[in-house]
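Worksheet for the structure shown next.
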Amino acid sequence: MATLATVVVLGVLAVVVVTSPGWPRVKATFFDWSHARAAFPAVWKGFGKNVASFLIAEPLILLIGVLVAVVRSTTSAALFPLRLIAVVYTDLFRGVPTLLVVLLCGLGLPALELQGVPTDTFWLGTFALVLSYGAYVAEVFRAGIDSIHPSQVASATALGLSNGQAMRHVVLPQATRRVVPPLLNDFISLQKDTALLSSIFVFEAVFTAQDYGLYNFNYTPFVVVAVLFVALTVPLARFTDWLGRRMMRRERAGAR
Amino acid sequence: MSDTALLRTENVRKTYGDKVVLRDIDLVVQPHDVVCLIGSSGSGKSTLLRCLDLLEDIDDGSIWFEGQEISDPRVDARAVRRRMGVVFQAYNLFPHLSVLENLTLAPRKVHGVDSTAAEARARELLESFGLADKADEHPDRLSGGQQQRVAMARAIATDPALLLLDEVTAALDPELTGEVLEIMRHLAGEGTTMVLATHEMSFARDVATKVCFLHDGAILEQGTPAEIFESPREERTRQFLRRVLPT
Ligand SMILES: Nc1ncnc2c1ncn2[C@@H]1O[C@H](COP(=O)(O)OP(=O)(O)O)[C@@H](O)[C@H]1O
Ligand SMILES: [Mg+2]
Numbered sequence: 001m002a003t004l005a006t007v008v009v010l011g012v013l014a015v016v017v018v019t020s021p022g023w024p025r026v027k028a029t030f031f032d033w034s035h036a037r038a039a040f041p042a043v044w045k046g047f048g049k050n051v052a053s054f055l056i057a058e059p060l061i062l063l064i065g066v067l068v069a070v071v072r073s074t075t076s077a078a079l080f081p082l083r084l085i086a087v088v089y090t091d092l093f094r095g096v097p098t099l100l101v102v103l104l105c106g107l108g109l110p111a112l113e114l115q116g117v118p119t120d121t122f123w124l125g126t127f128a129l130v131l132s133y134g135a136y137v138a139e140v141f142r143a144g145i146d147s148i149h150p151s152q153v154a155s156a157t158a159l160g161l162s163n164g165q166a167m168r169h170v171v172l173p174q175a176t177r178r179v180v181p182p183l184l185n186d187f188i189s190l191q192k193d194t195a196l197l198s199s200i201f202v203f204e205a206v207f208t209a210q211d212y213g214l215y216n217f218n219y220t221p222f223v224v225v226a227v228l229f230v231a232l233t234v235p236l237a238r239f240t241d242w243l244g245r246r247m248m249r250r251e252r253a254g255a256r
Numbered sequence: 257m258s259d260t261a262l263l264r265t266e267n268v269r270k271t272y273g274d275k276v277v278l279r280d281i282d283l284v285v286q287p288h289d290v291v292c293l294i295g296s297s298g299s300g301k302s303t304l305l306r307c308l309d310l311l312e313d314i315d316d317g318s319i320w321f322e323g324q325e326i327s328d329p330r331v332d333a334r335a336v337r338r339r340m341g342v343v344f345q346a347y348n349l350f351p352h353l354s355v356l357e358n359l360t361l362a363p364r365k366v367h368g369v370d371s372t373a374a375e376a377r378a379r380e381l382l383e384s385f386g387l388a389d390k391a392d393e394h395p396d397r398l399s400g401g402q403q404q405r406v407a408m409a410r411a412i413a414t415d416p417a418l419l420l421l422d423e424v425t426a427a428l429d430p431e432l433t434g435e436v437l438e439i440m441r442h443l444a445g446e447g448t449t450m451v452l453a454t455h456e457m458s459f460a461r462d463v464a465t466k467v468c469f470l471h472d473g474a475i476l477e478q479g480t481p482a483e484i485f486e487s488p489r490e491e492r493t494r495q496f497l498r499r500v501l502p503t
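Heads up: the protein sequence lines correspond to chains A and B, in order.
With the working numbering applied, the first sequence corresponds to residues 1 to 256, in that order.
With the working numbering applied, the second sequence corresponds to residues 257 to 503, in that order.
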């Protein structure tokens, strides 16, 4: 019944779009099969850069996220300066739009003409994504760490574990398990945000499609890119759902 | 300290803000003693146990353990905790680790025992606690009584000189308390030195070498089980026993 309703709604929407006055022109500029074929090799190559940027950024983001979250959960007075840096970092990079971070890193950093700073905007853009998403992921980890009951730390302390050991062997493993679903969501969002690299002239999929569009007055490659992104994110989204459901079942079973 | 006491407290005082939770606590624990702390809820039993393990700082007085004043702020609290085992009312097992890993974590990471030796010792303990077949299970697959037995095994896997138990049967269904008390009797029989807060009066009567009645943060009366249960000196003790003992 629900499926039938969905089909009907989608069908009506399709009819509305296809019978709209502008449809023939939209169809020609956005859904032209020959342009799709012609642009595909370049777009596919550009999409490789999106995937590469994502694959490079993801592990670095996880690393920064865990480090910042752990630093923020310390209490010793000696670590106060580090904590302060961690707080400023998360506040700053959660506040500034990712697009701005990409622009500032991609165009601002090379302008400094510093020794050793790469000038390739692919690397600068990926670095910007790491900075921006590191702050989000740090907050996700921090929520996970805060969700672990203090009695777990008390138990570890009573066994003679140091604060660091309690974090490493007791708190973090449990916190990580809890935050896997929200983390995967952030990574789906990161996959899409690699498109922001187009703003600093990286020849990734969106920039390539735009380039093609400007020369050929046809925007079908944008739709091709959209399809590629969907194909990339859907499996991860399904996996996230599945994992979330499985964890919920586990928690319920554990709470007998 | 030149005497043979394993643990001795003198005039221990503990406050939370304005509230005095422990006052004038003088307690002596000799090797192989089983000291039962009894008293109504809120009388300070858990706080006393936490102070002994240095999980809480005391405000005044001193605590001596194995000839060293451990209430001295310069003492390395971790070194002291390495010599004590604690079991909490709510078991507090590590849910992400298997039963075996719960037992081997502290021996490996804190005591530097290699994994093979730690595992062998853990399996031996699980065997003697009737949990041999649970070694590879995760704690949430176990009953409350089994989890509490695992917690006991974990606490003694590091061969502590003193075992602190805080109402370890209080969270269990009545039919499950027996299996945990059985283990405690077994440990007492082996000469394990224990300080425990408990509401199990028959256990205290049978097994304790000393019973302390806490009231409002003070040890109002202490003595052998016979003294406390048969001829209590204090009216408060009599009132408490009338409430908890079936007549
Ligand atoms: N962290 C705390 N902060 C403030 N008061 C506390 C804290 N822990 C315990 N107390 C108070 O200390 C008193 C003794 O508590 P507790 O040691 O748990 O007693 P018992 O274990 O005998 O039931 C109680 O009045 C309790 O409210
Ligand atoms: Mg208590």
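We put the CB at the ideal spot given by N, CA and C, even for glycine.
Worksheet item: So, is the C-beta of A/VAL180 closer than 9 Å to a C-beta in chain B?
Response: Taking the first sequence and counting its residues from 1, one reaches residue 180 of chain A at position 180. No - not a single Cβ of chain B is within 9 Å of the one on A/VAL180.
Discussion item. Strictly below 9 Å CB to CB, what residues from chain B border A/ARG177?
Written reply: Along the first sequence, one-based indexing puts residue 177 of chain A at 177. Going along chain B in sequence order, the residues near A/ARG177 (Cβ under 9 Å) are HIS352.
Worksheet item: Cβ of A/VAL170 less than 9 Å from any chain B Cβ?
Response: For this step, residue 170 of chain A is matched to residue 170 along the first sequence. At a cut-off of 9 Å between beta carbons, A/VAL170 contacts chain B.
Discussion item. Between B/TYR347 and ligand 1, is there a pair consisting of the residue's CB and a ligand heavy atom that are separated by less than 8 Å?
Written reply: One-based indexing of the second sequence puts residue 347 of chain B at position 91. No, since every heavy atom of ligand 1 falls outside the 8 Å radius drawn around the Cβ of B/TYR347.
Worksheet item: Can you pull the DSSP bridge partners for B/TYR272?
Response: If you number the second sequence from 1, residue 272 of chain B lands on position 16. Looking at the DSSP assignment, B/TYR272 forms a beta bridge with B/LYS275.
Worksheet item: Any Cβ of chain B within less than 9 Å of the Cβ of A/GLN115?
Response: By one-based count along the first sequence, residue 115 of chain A stands at place 115. For A/GLN115, the answer is no, since every Cβ of chain B falls outside 9 Å of its Cβ.
Practice prompt. Pair every Cβ in the stretch 132-144 of chain A with every Cβ in the stretch 308-319 of chain B, then say whether three or more of these pairs are closer than 8 Å.
Written response: The stretch 132-144 of chain A makes no contact with the stretch 308-319 of chain B, as fewer than three CB pairs between them are under 8 Å.
Worksheet item: With which residues is B/ASP316 paired in a DSSP beta bridge?
Response: Counted from its first residue, the second sequence places residue 316 of chain B at position 60. Answer is B/ARG269.
Fill in: Test item: CB-CB of B/MET450 and B/LEU421 under 9 Å
Position 194 of the second sequence, counted from the start, is the residue given in the question as residue 450 of chain B. Position 165 of the second sequence, counted from the start, is the residue given in the question as residue 421 of chain B. Taking 9 Å as the Cβ cut-off, B/MET450 and B/LEU421 qualify as a contacting pair.
Discussion item. Let me check you understand the geometry: is the CB of B/GLU483 closer than 8 Å to at least one non-hydrogen atom of ligand 1?
Written reply: One-based indexing of the second sequence puts residue 483 of chain B at position 227. With a cutoff of 8 Å, B/GLU483 does not count as near ligand 1, since its C-beta is closer than that to no heavy atom of the ligand.
Worksheet entry | Cβ-based neighbour list, A/TYR219, same chain, cut-off 8 Å, excluding 5 preceding and 5 following | Here the question's residue 219 of chain A lines up with position 219 in the first sequence. THR29, PHE30, ALA209, GLY213, listed in sequence order.
Practice prompt. Decide yes or no for the touch test of the stretch 116-131 of chain A against the stretch 142-154 of chain A: beta carbon pairs closer than 8 Å, at least 3 of them.
Written response: Segment contact: the stretch 116-131 of chain A against the stretch 142-154 of chain A, fewer than three CB-CB distances shorter than 8 Å; contact not assigned.
Fill in: Member of A/ASP193, A/ILE64, A/VAL87, A/GLY164 whose CA lies at the smallest distance from the CA of B/LYS365
The sequence position of residue 365 of chain B within the second sequence is 109, counting from 1. Of the candidates A/ASP193, A/ILE64, A/VAL87, A/GLY164, the residue whose Cα lies closest to the Cα of B/LYS365 is A/GLY164.
Worksheet item: Which of the three DSSP states, helix, strand or coil, is assigned to A/GLY22?
Response: Counting from 1 along the first sequence, the entry for residue 22 of chain A is found at position 22. Coil, per DSSP.
Practice prompt. Check distances from the C-beta atoms of the stretch 355-372 of chain B to those of chain A and list, in chain order, the residues that come in under 7 Å.
Written response: Going along the stretch 355-372 of chain B in chain order, one finds LEU361, ALA362, LYS365, VAL366 with a Cβ nearer than 7 Å to chain A.
Practice prompt. With distances taken Cα to Cα, identify the nearest neighbour of A/LEU190 among A/ASP32, A/VAL117, A/SER132, A/VAL88.
Written response: One-based indexing of the first sequence puts residue 190 of chain A at position 190. Nearest of A/ASP32, A/VAL117, A/SER132, A/VAL88 to A/LEU190, Cα basis: A/SER132.
Worksheet item: In the DSSP assignment, what are the bridge partners of A/CYS105?
Response: Counting from 1 along the first sequence, the entry for residue 105 of chain A is found at position 105. Per DSSP, A/CYS105 has no beta-bridge partner at all.
Fill in: Alpha-carbon spacing of B/ALA464 relative to B/ASP274, whole angstroms
To locate residue 464 of chain B, count along the second sequence from 1; it is residue 208. To locate residue 274 of chain B, count along the second sequence from 1; it is residue 18. If I take the Cα positions, the gap works out to 34 Å.
Item to complete: Identify each residue in the stretch 136-161 of chain A for which the Cβ-Cβ distance to at least one residue of chain B is less than 7 Å, and report them in chain order.
Response: So the close ones are SER151, GLN152, ALA154, SER155, THR157, ALA158, LEU159, GLY160, LEU161.
Worksheet entry | Any chain A beta carbon closer than 9 Å to B/ALA346 | Taking the first residue of the second sequence as 1, we reach residue 346 of chain B at position 90. Interface residue, yes.
Practice prompt. Assign A/THR98 to one of two classes, buried (16 or more other C-beta atoms within 10 Å of its C-beta) or exposed (fewer than that).
Written response: Here the question's residue 98 of chain A lines up with position 98 in the first sequence. Burial call: buried.
Fill in: Proximal residues, the stretch 198-227 of chain A versus chain B, C-beta separation under 7 Å
Under the 7 Å Cβ criterion, the stretch 198-227 of chain A contributes no residue.
Discussion item. Can you pull out the residues from the stretch 284-307 of chain B whose beta carbon lies closer than 9 Å to at least one beta carbon of chain A?
Written reply: Of all residues in the stretch 284-307 of chain B, only ARG306 come within less than 9 Å of chain A when Cβ atoms are compared, listed by chain position.
Worksheet entry | Where the beta strand (DSSP E) through B/ASP422 begins and ends | Position 166 of the second sequence, counted from the first residue, corresponds to residue 422 of chain B. It spans 418-422 - the beta strand (DSSP E) in which B/ASP422 sits, taken as one unbroken run.
Worksheet item: Under the three-state reduction of DSSP, which class applies to B/HIS442: helix, strand or coil?
Response: Counting from one through the second sequence, the residue named residue 442 of chain B turns up at place 186. DSSP places B/HIS442 within a helical segment (H, G or I) once states are collapsed to three.
Fill in: Closer than 8 Å: B/LYS365 CB and nearest ligand 1 heavy atom
Here residue 365 of chain B refers to the residue found at position 109 when the second sequence is read from its first residue. Of the heavy atoms belonging to ligand 1, none sits nearer than 8 Å to the Cβ of B/LYS365.
Practice prompt. Helix, strand or coil for B/PHE321, going by three-state DSSP, please let me know.
Written response: The residue labelled residue 321 of chain B in the question sits at position 65 within the second sequence. Strand at B/PHE321.
Discussion item. Does the contact criterion of 3 or more C-beta pairs under 8 Å hold for the stretch 429-436 of chain B versus the stretch 262-281 of chain B?
Written reply: Here the stretch 429-436 of chain B does not lie against the stretch 262-281 of chain B, with fewer than 3 beta-carbon pairs under 8 Å apart.
Discussion item. I need the boundaries of the alpha helix (DSSP H) containing B/PHE485, first residue and last residue.
Written reply: Here residue 485 of chain B refers to the residue found at position 229 of the second sequence. For B/PHE485, the enclosing alpha helix (DSSP H) stretches over residues 481-486.
Discussion item. Under 9 Å, Cβ to Cβ, is there at least one residue of chain A near B/GLY341?
Written reply: Position 85 of the second sequence, counted from the start, is the residue given in the question as residue 341 of chain B. True, the Cβ-Cβ gap to chain A drops below 9 Å.
Worksheet entry | Within chain A, partners of B/ASP309 - CB distance below 7 Å | Here residue 309 of chain B corresponds to residue number 53 of the second sequence, with the count starting at 1. Simply ALA158.
Worksheet item: Should B/ALA312 be counted as a contact of ligand 2 given a C-beta to heavy atom distance under 8 Å?
Response: Within the second sequence, numbered from 1, the residue matching residue 312 of chain B stands at position 56. Per the sequence shown, residue 312 of chain B should be read as Glu rather than Ala. It does not: the Cβ of B/GLU312 is nowhere closer than 8 Å to a heavy atom of ligand 2.
Worksheet item: Who are the Cβ neighbours of A/PHE239 in its own chain at under 8 Å, not counting the five residues just before and after it?
Response: To locate residue 239 of chain A, count along the first sequence from 1; it is residue 239. Non-local C-beta neighbours of A/PHE239 in its own chain, meaning closer than 8 Å and more than five positions away in sequence, comprise LEU184, ordered along the chain.
Fill in: Nonlocal neighbours in the same chain, by C-beta distance under 8 Å from A/VAL224, ignoring five residues either side
Taking the first residue of the first sequence as 1, we reach residue 224 of chain A at position 224. Setting aside the 5 residues that flank it on each side, A/VAL224 is surrounded in the same chain by ALA36, ALA39, PHE40, VAL43, ALA209, each with a C-beta closer than 8 Å to its C-beta; the list follows chain order.
Worksheet item: Regarding B/SER297 and ligand 2, is the C-beta to nearest heavy atom distance less than 8 Å?
Response: Here residue 297 of chain B refers to the residue found at position 41 of the second sequence. Yes, the beta carbon of B/SER297 sits closer than 8 Å to at least one heavy atom of ligand 2.
Practice prompt. Determine, using beta carbons only, whether A/PRO290 comes closer than 9 Å to chain B.
Written response: Residue 290 of chain A lies beyond the residue range present for chain A, which begins at 1 and ends at 256; the question has no answer from this structure.
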